[in-house]
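In what follows, a single structure is set out as structure tokens and then discussed.
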Amino acid sequence: MFTSTGSSGLYKAPLSKSLLLVPSALSLLLALLLPHCQKLFVYDLHAIKNDFQIWRLICGRIICLDLKDTFCSSLLIYNFRIFERRYGSRKFASFLLGSWVLSALFDFLLVEAMQYSFGITAASNLPSGFLAPVFALFVPFYCSIPRVQVAQILGPLSITNKTLIYILGLQLFTSGSYIWIVAISGLISGLCYDSKIFQVHQVLCIPSWMAKFFSWTLEPIFSSSEPTSEARIGMGATLDIQRQQRMELLDRQLMFSQFAQGRRQRQQQGGMINWNRLFPPLRQRQNVNYQGGQQSEPAVPAPLEVSEEQVARLMEMGFSRGDALEALRASNNDLNVATNFLLQH
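Residues 1 to 345 in UniProt numbering are what the sequence shown spells out, letter by letter.
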């Protein structure tokens, strides 16, 4: 959907697909056919705390009763499916489980703090649905997805590949009276889990036997076939694999393009083809200029001095030092162009 999330579709993202289909279908079912059953899925903290209705903690934090929240959270889950492809379904499920449990604790703490500080008790009924883990996913999204400028408006303001995601999150943040409590608890839980505070990632994780069981039983149901209308690139589990796949495809495309260009040149001018010039390494190819029917190759310029600060920023995004140096030299030390090049190659 957006440029930051890579290939379209739900290929290699069965958990994201299940989170899109099952809760959304149940929300529509409750809203349209079974409205009298919605009271069973109300996220009532007062009933959970005083009457020990633990089942409300589970039901109230899975199914959205507001269709607007269902729509926004589904779009965000679809865009955050990139993390399941990058880390794998088990690690992605562990993050969702950990943020879900931690955010439930922070919900209680925030509501108690509001009641103690301001005397507000109406916040005992919070918005229902799988919202806190969705807000928690903004933490790795902010930290690990590079920011690439798409357009610039009104001087210093610019639109990036992440702007629409943040706008959608803001829309979900302002959709209800007390949804900000769920949002804050989700962000705090995402920070705690992602930064490995108190080693919660080792305690709140999916066991290997459970991951194998669900992989054997449910993954065949929610798995998606490989898209055929797209180029088969960028489908690796890690960024390094995705970049390698893009580089190999680009290398083949350029080789075939130069081979066709060489054939046309041989037909027009005759003679033997210089194969060393025709198939140079991908990162060492030179532009060929044609002026008045004669071709000339410019001299190779001296290596451009690269800013170590920009190299460090690219390495923080997950790129290797060699790729960062070459991208910055090729883009004349333009960080945005270099980042966009590395993401696409």
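Beta carbons are placed, not taken as given, at the ideal position from N, Cα and C, and that holds for glycine.
- Pairing glycine 119 with isoleucine 62 gives a Cβ-Cβ distance that is not under 9 Å.
- Uninterrupted beta strand (DSSP E) stretches at least 3 residues long and entirely within the stretch 64-150 do not occur.
- Per DSSP, reduced to three states, the secondary structure at threonine 217 is helical.
- Judged by DSSP secondary structure, serine 158 falls within the beta strand (DSSP E) whose first and last residues are 158-160.
- Between serine 74 and leucine 20 the beta-carbon gap is near 5 Å, inside 8 Å, which marks them as a contact.
- Spanning the alpha carbons of valine 337 and leucine 15 requires a straight line of approximately 34 Å.
- Per DSSP, reduced to three states, the secondary structure at glutamine 310 is helical.
- Between proline 23 and the set His201, Ala113, Gly60, the nearest pair of CA atoms involves Gly60.
- Checking the DSSP bridge columns, you'll see glutamine 152 partnered with Ser158.
- Between leucine 110 and isoleucine 184, the C-beta spacing is below 9 Å.
- The C-beta of glutamine 199 has fewer than 16 other C-beta atoms within 10 Å across all chains shown, which makes the residue exposed.
- Taking a contact as a CB-CB distance under 8 Å, the pair valine 306 and leucine 328 counts as one, their CB atoms being some 5 Å apart.
- One thing to note: threonine 339 has its Cβ no nearer than 9 Å to the Cβ of valine 150.
- For the pair proline 133 and phenylalanine 95, the CB atoms are nearer than the 9 Å cut-off.
- For serine 24, the uninterrupted alpha helix (DSSP H) segment begins and ends at 14-32.
- Secondary structure at tyrosine 43: strand, using DSSP grouped into helix, strand and coil.
- A straight line joining the alpha-carbon of isoleucine 153 with that of cysteine 205 spans about 43 Å.
- Spatial neighbours of alanine 211 in its own chain (CB-CB distance under 7 Å, excluding positions within 5 residues in sequence) are listed in chain order as Arg90.
- If you ignore the 5 residues before and after proline 146, its C-beta comes within less than 6 Å of the C-beta of Met317, Thr339, all in its own chain and listed in chain order.
- Boundaries for serine 224: no alpha helix (DSSP H) harbours it, and the DSSP string shows neither H nor E there.
- Close CB contacts of asparagine 125 within its chain, under the 7 Å cut and outside five residues either way in sequence, are with Val42, Tyr43, Asp44 (chain order).
- Each residue's CA atom was taken as its position, placing histidine 201 and glycine 190 some 11 Å apart.
- The Cβ atoms of serine 18 and phenylalanine 222 lie closer than 9 Å to each other.
- In the same chain as alanine 47, and ignoring 5 residues on each side of it, the C-beta atoms closer than 8 Å to its own belong to Gln53, Arg56, in chain order.
- In this structure, DSSP gives asparagine 332 a state outside helix and strand, which the three-state scheme calls coil.
- Lysine 196 and valine 203 have their C-alpha atoms roughly 11 Å apart.
- In the structure shown, lysine 196 adopts coil according to DSSP, grouped into three states.
- Distances from the CA of arginine 321 to each of Asn333, Asn332, Glu308 were compared; the closest alpha carbon is that of Glu308.
- In the structure shown, the three-state DSSP call for phenylalanine 173 is helix.
- Each residue's CA atom was taken as its position, placing glycine 186 and glycine 88 some 21 Å apart.
- Pairing leucine 76 with serine 27 gives a Cβ-Cβ distance that is not under 9 Å.
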